[in-house]
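If you're matching positions, the sequence shown starts at 15 in the working numbering and goes up one per residue.
From the three backbone atoms N, C-alpha and C, an ideal C-beta is built for every residue, glycine too.
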Amino acid sequence: MPSEPVWLTEQQVIRINERLVEQTGEPHLLLHPGLLSSGMARPVNRWAYGEQDIANLAGILLLGIGMNHPFQQGNKRTALTAAKVFLQFNGYSFVAPDGEPLGAFVERSIIGMISESAFLKAMRSCAILTEEWQAFQRG
């Protein structure tokens, strides 16, 4: 099994939310700390049971945070940003898909209008392994 991914901490995700809602003048409030923990545990659990695809884990993180709605404001933005940061931590960049606006696609996924498998397939197409990380992996 490959080495464990670099995970975001809850404090990092809380800070992401603070910064995002600050930009729009919205209030920052973590309404449900347990739901944040639960959403962030989803990809960790999937990894423990054999999921090794970093893009899938990023998508699972996004859905976990977004569906659990732990913050007063900015849940979808926070979930997407957390997924992007997770990808960066693990040697990937995020390239937004063509077509449907990203925010609408994420929202439709979070509310269940798009299956998890279809969403994860789309996430895989957006996650690009960086050249630096490829060189590092080659040794």
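Open item on the list: Counting beta carbon pairs with one atom in the region 39-56 and one in the region 107-117, are three or more of them shorter than 8 angstroms?
Closed with: Too few Cβ pairs lie closer than 8 angstroms, so no.
- [ ] State the DSSP-derived secondary structure class of Ala110, mapped to helix, strand or coil.
- [x] As a position in the sequence shown, residue 110 is number 96, starting the count at 1. In the three-state reduction of the DSSP assignment, Ala110 falls in the coil class.
Open item on the list: Given a cut-off of 8 angstroms on the beta-carbon distance, is the pair Ala141 and Ile74 in contact?
Closed with: Indexing the sequence shown from 1 puts residue 141 at position 127. Indexing the sequence shown from 1 puts residue 74 at position 60. With contacts defined by Cβ atoms closer than 8 angstroms, Ala141 and Ile74 do not form a contacting pair.
- [ ] Please state if the CB of Pro16 and the CB of His46 are separated by a distance shorter than 8 angstroms.
- [x] Walking along the sequence shown from the start, residue 46 turns up at place 32. Walking along the sequence shown from the start, residue 16 turns up at place 2. Taking 8 angstroms as the Cβ cut-off, His46 and Pro16 do not qualify as a contacting pair.
Task: Cα-Cα separation between Ala110 and Phe103, rounded to whole angstroms - done: Within the sequence shown, the letter at position 96 stands for residue 110. Within the sequence shown, the letter at position 89 stands for residue 103. Approximately 18 angstroms, taken between the alpha carbons.
Task: Residues near Pro57 in its chain [Cβ-Cβ closer than 6 angstroms; skip 5 each side] - done: Reading the sequence shown from its first residue, position 43 is the one you call residue 57. These residues qualify, in order along the chain: Leu71, Ile74, Leu75.
Open item on the list: Once DSSP output is grouped into helix, strand and coil, what is the label at Leu22?
Closed with: Here residue 22 refers to the residue found at position 8 when the sequence shown is read from its first residue. DSSP places Leu22 in coil when its eight states are reduced to three.
- [ ] Tell me, please, which residues DSSP counts as bridged to Ala141.
- [x] As a first step, residue 141 is located in the sequence shown; it is residue number 127 there, counting from the start. According to DSSP, Ala141 bridges with Phe108.
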